[in-house]
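Going down the list, the protein sequences come from chains B and X. Residues in the first sequence are numbered consecutively from -7, following my numbering. Residues in the second sequence are numbered consecutively from 9, following my numbering. The beta-carbon is built from N, C-alpha and C at its ideal position, and this holds for glycine as well. In this text the structure is predicted, and so the values were computed from the model without any measurement. Working notes, structure below.
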Amino acid sequence: MRTTWWSIRALGLIAALAAPLAPAQTLRLGLAEDPDILDPTLARTFVGRIVFSALCDKLFDIDENLNIVPQLATSYQWSADNKALTMKIRPGVTFHDGEKLDAAAVKFNIERHKNMPGSNRRGELAPVTSVDVIDPSTVRLNLSAPFSPLLAQLADRAGMMVSPKAAQAEGDKFGAKPVCSGPFKFVERVAQDRIVLERYSNYWNKGEIHLDRIIYLPIVDATVRLANLKSGQLDFIERMAASDVPQLKSDSRFKIAKVTEIGYQGLTINTGKSDLAQKNPLGRDPRVREALELALDRDGIVQVAMDGEADVGNQWVAPTNGFYAKNLPVPKRDVAKAKQLLQAAGVPSPSFTLMTPTTSDAQKIAQVVQSMAREAGFDVKIQSTEFATSLNMADKGDFEAYVLAWSGRADPDGNLFSFYGCKQPLNYSGYCRQDVEDLLVKSRTSLEPAERKKIYADLATIVLKDRPIIYLFHRHWLWAYSTKVSGLRTIPDGLVRVQGLRMK
Amino acid sequence: MTHYLVRRVATIVPTLFFVSILIFGLQQLLPGDPALILAGEERDPTVVAYLHQKLHLDQPLPIRYLYWAGGVLTGDLGESVRIQKPVADLIVEKLPVTAELAVLAILIALAIGVSAGIVSAVAKDSVWDYAANVFALWGLSTPNFWLGIMLILFFSVQLGWLPASGYVSPFDDLKANLAAMIMPAFVLGNAIAAVLMRHTRSAMLQVLNADYVRTARAKGLDERVVVLKHALRNALTPVITLGALEFGTLLSGAVLTEQVFTIPGFGKLIVDAVFNRDYAVVQGVVLCTATAYIVLNLIADIAYFLVNPRLRDSHG
């Protein structure tokens, strides 16, 4: 009898131990690609930034309307000549290894971004000449010239802070076991399989963190990613296929969130990258490019290629963006006028090759462009090319036109400067005009939004007429998730913020 | 015997040398500058220049080969530039996954293929024979990725019986591991089963017409004993050779199947590495599989040698 009593008590104790105090909240998130190295200084991919948004806090963040909001920096002030930015650093913040995040740590990080071999942040912080620690919670960045996109850069990877102690100890291997100050800390990574993060108990803003664990699972195929969501292996997927939206909408177990991207899809035309530009009427004659644009019905392209999941546009920012030049609206399709222009240019039926990466979106866009342009007299040959190869060909100017997307940056400068500056790395068109160059530089040195808007409008007037890039549309970031997930904020940069996110 | 073995092992060295040159050389034919794709969206020229230097892309081809081969000889297969992890670690991580998948797939293939082959040979021109042939045609003509997605949609999404994709180590949870592996193993096994079925069938038909089988039947042996004991044993030799070859292919990674089911094995590793121009990974993995092939081949040769006394005599 006595034994039985003890057994029951022992069983009760075991049961009590086994029952968790609160259900552990694990979010399993399906990524469209496997991220590259998880070191903010060396990182290169868009998908890596999704993981960083849980792992590494930044000096600033952006909100739903692309406003710069505080994160690790609580406030900032520009000097009178706009050549120094002084920031107050949030007190009491620690890295995942317990080290203090103070002004000295910020200085270390900015210098690491600038000096580490292979750093992808060097260009983003190029105007920063030195960093001064004024006191433990105040830091000043000194610039060679005023630089308006700086805050936006500090709201992305260039503003991510890693533990100086861990970074010094690990060197260029830091990315294998990153130590940051974000809401979640690194647990493990199996390449191409999973990245596991766990809630950081000393996070400065822990009231906003409701998840215990996040597991990122890269699943490249959109159909398989969706199947995993539907079968319950995943709670959340990013970048679902637009064609799957209607079917998932009718399923009450899931929700879809969408927001227009800050990037764009467009046709990049070789207007001066190589000799090919002059050999082809499309590259040689702006009238032919205008005819091509007029031959295209952007709404039709969006309907057919994107299942309607995009906003049409004709500029480097979407029409809803504050920097959109409203006096240059999206042109309507006008095949008759396109034909007239081709007649005037003396090439009633010009032909060109449209190079396109092998992604299904790009292929569909190319096909729709081909058939629409044909009605105006164009003979478009589609050349499907594997992405790395196409990039190399674009870089060498070995193309006539190229279907190319840009994931976008919060500041319009990030969608512009590198594409139109004469010697810039992303200027695949080979476009170069001194007046454009001057305006680009001017837009960077002006900190006044109204003035910048004016400069961008002037730029748009020139560039949209020359058409080295014909902008087509801005995709919707499409996220699908189980109804168990709530608190999602849709930020146009397409990164999943974990603050406020919870599971039922 | 010893003389033969020594000679046989000695040929491995030049073979591996040529294989390594081939791997390295063929990769150079891939268009696209690796530094350009590795430099990411921004393509900062200083980063591109840094990567050129780091990957020795600024050096002539033979020098680059020597850098790599020198590393391999000292046991250093290099590092993945994309995620900065040693290639050897990646191989150690992925090989068991692919090996498990290959073993399961070949078991499924043998179970289905050999039995279907026997049935269709024994019951030639019957309904069973036609059914087995239709199955073989289906298995050969069904694309792996399509079958994979269909299985996922049916068993995972519709019925919710199996996980749609992902991998769990058998040491963590054997049940979950098998649940995750059964569909990809079936997809792979299905295609091989079709090939094995056709070969088993034709080998069996040949053997069943042989004199000794007729003698066995004439002796009044039970048909089951004749088929399974006397005929099958002889018919299996080519089937086993074929199975071993297919197994070797499976070990080099089932690219599409691993991609569909998100199994982190060799196939996925190598495909991602090719698309990202992560040369060290491609070279390391291909060298590893090539070595495995060569060693398997050697073992097979030695096995023939041991089994067949005539070979032994001629090589003294």
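### Message
Please give the ranges of any beta strand (DSSP E) in the segment 385 to 463 of chain B, keeping only runs that are unbroken, at least 3 residues long and fully inside the region.
### Response
Taking only runs of at least 3 residues, the beta strand (DSSP E) segments lying wholly in the segment 385 to 463 of chain B are 393 to 398.
### Query
Whose C-alpha, out of 430/B, 473/B and 395/B, is nearest the C-alpha of residue 462/B?
Measuring from the Cα of residue 462/B, the nearest candidate turns out to be 395/B.
### Task
Can you tell me which of 210/B, 141/B and 326/B puts its alpha carbon nearest to the alpha carbon of residue 401/B?
For residue 401/B, the closest of 210/B, 141/B and 326/B by C-alpha to C-alpha distance is 141/B.
### Task
Would you mind telling me which residues of chain B sit closer than 7 Å to residue 21/X, beta carbon to beta carbon, in chain order?
Residues of chain B passing the Cβ test: none, with the nearest at roughly 32 Å.
### Query
For the beta strand (DSSP E) that residue 38/X lies in, which residues bound it at each end?
Per DSSP, residue 38/X lies in no beta strand (DSSP E) and is assigned neither H nor E.
### Message
Looking at residue 263/X: is its Cβ nearer than 7 Å to the Cβ of residue 275/X?
### Response
The beta carbons of residue 263/X and residue 275/X sit closer together than 7 Å.
### Message
Assuming the contact rule is C-beta atoms closer than 8 Å, residue 25/X and residue 73/X should be a hit. Round their C-beta distance to whole Å, please.
### Response
Rounded, the Cβ-Cβ distance is 11 Å, inconsistent with contact.
### Task
At 7 Å on the CB atoms, spell out the chain B contacts of residue 92/X, in chain order.
The CB of residue 92/X comes closer than 7 Å to the CB of 29, 164, 165, 167 and 168 in chain B, given here in chain order.
### Task
Locate the alpha helix (DSSP H) running through residue 76/X, then write down its first and last residues.
Counting along the chain, the alpha helix (DSSP H) containing residue 76/X begins and ends at 69 to 81.
### Message
Can you confirm whether residue 10/X, when its beta carbon is compared against all beta carbons of chain B, has any partner nearer than 7 Å?
### Response
Interface annotation, residue 10/X: not in contact with chain B, CB-CB separation never under 7 Å.
### Query
In chain B, which residues lie less than 7 Å from residue 100/X when you measure between Cβ atoms?
Under the 7 Å cutoff, chain B gives no residues; its nearest Cβ is about 12 Å from residue 100/X.
### Message
Using DSSP's beta-bridge definition, name the partner residues of residue 347/B.
### Response
For residue 347/B, the pairing in a beta bridge is given by DSSP as 375/B and 394/B.
### Query
Residue range of the alpha helix (DSSP H) that residue 298/B falls in?
Residue 298/B -> alpha helix (DSSP H) spans 290 to 298.
### Query
Out of curiosity, what's the CA-to-CA distance linking residue 11/B and residue 19/B?
Confidence is the limiting factor: at residue 11/B the pLDDT is only 40, short of 50, which leaves the residue's position unreliable, though a coordinate-based value still follows. Residue 11/B and residue 19/B have their C-alpha atoms some 20 Å from each other.
### Message
Between residue 199/B and residue 30/B, how many whole angstroms is the CB-CB distance? I'm expecting something under 8 Å.
### Response
By a beta-carbon distance limit of 8 Å, residue 199/B does not contact residue 30/B. Their separation comes to about 26 Å.
### Query
With 16 as the cutoff for other CB atoms within 10 Å, does residue 14/B come out buried or exposed?
Residue confidence is low: residue 14/B scores 47 on pLDDT, short of 50, so the model does not pin down where it sits. No coordinate-derived value is stated.
#### Entry: Proximity test, Cβ basis, 7 Å: residue 293/X and chain B
So no, residue 293/X is outside the interface.
### Message
Please identify the residue among 63/X, 92/X and 71/X whose C-alpha is closest to the C-alpha of residue 165/B.
### Response
Checking every option, the nearest Cα to that of residue 165/B belongs to 92/X.
### Task
Determine which residues of the segment 215 to 238 of chain B have a Cβ less than 8 Å from any Cβ of chain X, and write them out in chain order.
With the criterion set as a beta carbon lying under 8 Å from some beta carbon of chain X, the members of the segment 215 to 238 of chain B are 215, 216, 219, 220, 222, 223, 224 and 225, in sequence order.
### 4 or more residues per run - each alpha helix (DSSP H) lying fully within the segment 204 to 243 of chain B
As far as the segment 204 to 243 of chain B is concerned, its whole alpha helix (DSSP H) runs of at least 4 residues are 214 to 222 and 237 to 241.
### Query
From residue 189/B to residue 178/B, what does the alpha carbon distance come to, in whole angstroms?
Their Cα atoms are separated by approximately 5 Å.
### Message
Less than 8 Å between C-beta atoms, sequence neighbours within five positions excluded: which residues of the same chain meet that for residue 341/B?
### Response
If we look at residue 341/B and ignore the five residues flanking it on each side, its Cβ neighbours are 334, 369, 370 and 371.
### Task
Spatial neighbours of residue 337/B within its chain, please: CB distance less than 8 Å, with the 5 preceding and 5 following residues excluded, ordered by chain position.
Excluding residues within five positions, the ones whose Cβ falls inside 8 Å are 273, 277, 279, 280 and 283.
### Task
Quick one: grab the DSSP three-state call for residue 169/B.
Coil.
#### Entry: Within chain X, the residues that residue 498/B reaches when beta carbons sit closer than 7 Å
Here chain B has residues from -7 to 496 only, and residue 498/B is not among them.
### Query
Which two residues bound the contiguous alpha helix (DSSP H) that contains residue 72/B?
Careful: residue 72/B lies outside any alpha helix (DSSP H) and carries neither H nor E.
### Given residue 213/X as reference, the closest of 223/X, 199/X and 243/X once Cα atoms are compared
Residue 213/X has its Cα closest to that of 243/X, out of 223/X, 199/X and 243/X.
### Query
Considering only the beta carbon of each residue, do residue 117/X and residue 18/X sit closer than 7 Å?
No, the pair does not count as a contact, with Cβ atoms beyond the cut-off.
#### Entry: DSSP state of residue 201/B mapped onto helix, strand, coil
Reduced to three states, the DSSP call for residue 201/B is coil.
### Task
Give the secondary structure of residue 248/B by DSSP, where H, G and I count as helix, E and B as strand, and everything else as coil.
Strand at residue 248/B.
### Query
Using the rule of at least 16 other Cβ atoms within 10 Å of the residue's Cβ for burial, across every protein chain shown, is residue 30/X buried or exposed?
Counting the other CB atoms within 10 Å of its CB gives residue 30/X a total below 16, which places it among the exposed residues.
### Task
Find the residues of chain C that neighbour residue 283/X, judging by a C-beta separation of less than 8 Å, and give them in chain order.
Any reference to chain C falls outside this structure, whose protein chains are B and X.
### Message
For residue 211/B, would you say it is in contact with chain X, using Cβ-to-Cβ distances shorter than 7 Å as the test?
### Response
Cβ-Cβ to chain X under 7 Å: yes for residue 211/B.
### Message
By the DSSP assignment, the beta strand (DSSP E) with residue 251/X in it spans what residues?
### Response
Taken as a continuous stretch (DSSP letters only), residue 251/X belongs to no beta strand (DSSP E), being part of the alpha helix (DSSP H) at 240 to 259.
### residue 57/B, DSSP secondary structure in three states
Assignment of residue 57/B by DSSP, reduced to helix, strand and coil, places it in the coil class.
### Query
Could you check where the beta strand (DSSP E) with residue 257/B kicks off and where it finishes?
Note, residue 257/B: beta strand (DSSP E), 256 to 261.
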